[in-house]
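Protein chains: 2
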Amino acid sequence: MDTLLKNLKVEINDKLFLKDPETTELGKRIVGHSILMIHEMGFEQFTFKKLGKAIHSNESSIYRYFENKHKLLLYLTSWYWSWLEYHLVLGTLPLSDPEARLKKAIIIVTDEISQDSSFDHINESVLNKIVVAEYSKSYLTKEVDLENKQGYFAVYKRLVLRIRDMIVEVNKDYLYPASLSSMIIEGALHQHFLKEHFTAITDCDLTTTPTTYFLNLIDQLLLTYER
Amino acid sequence: MDTLLKNLKVEINDKLFLKDPETTELGKRIVGHSILMIHEMGFEQFTFKKLGKAIHSNESSIYRYFENKHKLLLYLTSWYWSWLEYHLVLGTLPLSDPEARLKKAIIIVTDEISQDSSFDHINESVLNKIVVAEYSKSYLTKEVDLENKQGYFAVYKRLVLRIRDMIVEVNKDYLYPASLSSMIIEGALHQHFLKEHFTAITDCDLTTTPTTYFLNLIDQLLLTYER
DNA sequence: TCAAATATAATAGTATTACTATCATTAAAT
DNA sequence: ATTTAATGATAGTAATACTATTATATTTGA
């Protein structure tokens, strides 16, 4: 399985880049370092000029890979969701019991990525923190409908639908499986953010994690016996 | 009650502005028109220069009221949450039954603001749309901890805690009242966004609203009989 | 009512951002 | 060895996000 993971080619909409960064050394350095820099300084402060300096390359060279930093963010987050989807599929495949499958899925999508699998140039743990802090900005734009039409959010949506389907398998009578699924995925990011910055309005901390909270949630919503 | 509403002075952290916009005609025009413009063009495209032109005033005059557009966004969203809190308090005050109170609270914070009460220069319905589309950007920044310490998010947090308390009143055994409350408030904004832009991953539409969904959620989580 | 204070407008200027364009250099492939 | 492709260096543009200065209205209060 580890070798499988190593050979995994994450699937990303090819309109998100001008030149596939996976095909060159420079491309990988752009992606790898942009993750670290966006995490360090935040998306607003991050610029291609600063990135060029950091990787001892040139601003103009970076523009040959990505049109602008918005597209780069879409690329990075697509990579993340695609990577997570792969783990979800792989992690739930051996489980035939719907309840066990769903629980495993919840764990995968709500847990913090603490382990840097570091099989490549991408630090998944840092990328996870970027997704928590910046993902909303990728779709809260005036261009969202156009970009959605272009398929820029396809991976994310497919992930939500996978979990929706698992919800239905567990309880076909539950009326809002899509909303529940999208709420869990977005809500987990939010709770992770709150436990770092607004501790007063979350119960999540070092012992109670967003995973604990959401496992309890689906348990009560879907798995409680006849009422 | 209508006159009460009219005399309501929404409470806002006074570090969010340089000069209170409520005290002058120009200030009110700045606030009123910035809401319309941010809604029309999105926060990224919105500038003080454009706003100045739109209200036939000068960029430099706007800078005398607000340090920058980030502070203006914090001001507008604070105004919104304060206004909503007022409605929450007023709307739940007459209800003594904890369950009825909580349900009423959920309705107030998850429903779309369709009616423009238009008792003043602020269009609450448009402001509500701004909150859906832009609120996350006000706290997903590198300055969030500093700004939180300054109290810029105090109203929002207090609203979350009010609903948390109502949750506890309904079911003192529920383990995650703060996370549930924060999830409902943020989740409602998210579901409203999804029903406009990512319809495939939500069950919300014209008939099933976020309110329907969240009322069912608390019903199942807190109000279901002994299990 | 007239002077002083205050609010607003107009204009100019700066550093940075988010690019585009051009040309030079280096590396790779045929 | 030559062409092609990739990268780097430099320059330039329009817009943004301001700051500063000065001019002009408007308000107020002695």
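Keeping their order, the protein sequence lines are chains A and B. Number 209 in this note's numbering belongs to position 209 of the first sequence; there are no gaps in the numbering. Number 1073 in this note's numbering belongs to position 73 of the second sequence; there are no gaps in the numbering. For each residue, glycine too, the CB sits at the ideal point set by N, CA and C.
Is it buried or exposed, residue i, if we count other Cβ atoms within 10 angstroms and call 16 or more buried?
| i | result |
| --- | --- |
| A/P21 | buried |
| B/T1023 | exposed |
| A/L16 | buried |
| A/E25 | exposed |
| B/A1100 | exposed |
| B/P1177 | buried |
| B/L1180 | buried |
| B/Q1191 | buried |
| A/M41 | exposed |
| A/S60 | exposed |
| B/T1199 | exposed |
| A/Y63 | exposed |
| B/V1089 | exposed |
| A/K129 | buried |
| B/S1078 | buried |
| B/T1003 | The predicted position of B/T1003 is uncertain, since its pLDDT is 47 and thus under 50; a value taken from the coordinates is nonetheless stated next. Exposed, because fewer than 16 other Cβ atoms sit within 10 Å of the Cβ of B/T1003. |
| A/K195 | buried |
| A/H56 | exposed |
| B/E1085 | buried |
| A/D203 | buried |
| A/T209 | buried |
| A/L18 | exposed |
| B/E1226 | Since pLDDT at B/E1226 reaches only 49, below the 50 mark, its modelled position is unreliable, and the value read off the structure follows with that caveat. Burial call: exposed. |
| A/T224 | exposed |
| A/G27 | buried |
Return the first residue and the last residue of the alpha helix (DSSP H) that residue i is part of.
| i | result |
| --- | --- |
| A/Y156 | A154 to V170 |
| A/T110 | P98 to T110 |
| B/N1216 | P1210 to I1218 |
| B/N1058 | B/N1058 -> no alpha helix (DSSP H), and no H or E assigned at all. |
| A/H121 | Neither: A/H121 is in no alpha helix (DSSP H) and is coded neither H nor E. |
| B/P1177 | P1177 to H1197 |
| A/G91 | K69 to T92 |
| B/D1173 | Careful: B/D1173 lies outside any alpha helix (DSSP H) and carries neither H nor E. |
| B/D1244 | A question about residue 1244 of chain B goes unanswered here, because the residues of chain B that appear run from 1001 up to 1227. |
| B/F1048 | F1048 to A1054 |
How many whole angstroms separate the CB atoms of residue i and residue j, which I take to be in contact at a CB cut-off of 8 Å?
| i | j | result |
| --- | --- | --- |
| A/K137 | B/L1146 | No, A/K137 and B/L1146 are not in contact; Cβ-Cβ is about 19 Å, not under 8 Å. |
| B/L1102 | B/I1167 | 6 Å |
| A/W81 | A/E124 | Between A/E124 and A/W81 the Cβ distance is about 12 Å, and since that is not below 8 Å, they are no contact. |
| B/V1031 | B/H1121 | 6 Å |
| B/F1043 | B/E1134 | 5 Å |
| B/V1126 | B/I1035 | 5 Å |
| B/V1144 | A/I201 | Their Cβ separation, rounded to whole angstroms, is 13 Å, which puts B/V1144 and A/I201 out of contact at 8 Å. |
| A/P94 | A/E169 | Not quite, the Cβ-Cβ distance comes to about 16 Å (not below 8 Å), so this is no contact. |
| B/H1070 | B/A1054 | At roughly 19 Å, the Cβ-Cβ gap does not stay under 8 Å, so B/H1070 and B/A1054 are not in contact. |
| A/M37 | B/G1187 | Not quite, the Cβ-Cβ distance comes to about 31 Å (not below 8 Å), so this is no contact. |
| B/I1185 | B/V1132 | About 12 Å separates the two Cβ atoms, so there is no contact after all. |
| A/G151 | A/N58 | So it is not a contact: roughly 30 Å between Cβ atoms. |
| B/L1222 | B/Y1174 | 6 Å |
| A/T207 | A/I107 | Wrong, their Cβ atoms sit about 16 Å apart, outside the cutoff. |
| A/N148 | B/H1197 | 6 Å |
| A/Q220 | B/Q1220 | 7 Å |
Is residue i near the ligand FAD, judged by its Cβ being under 7 Å from some heavy atom?
| i | result |
| --- | --- |
| B/V1109 | For the ligand FAD, the structure offers nothing, since it holds no ligand at all. |
*Unbroken alpha helix (DSSP H) runs of length 4 or more, entirely within the region 1002-1043 of chain B: which are they?*
1002-1007 and 1025-1041
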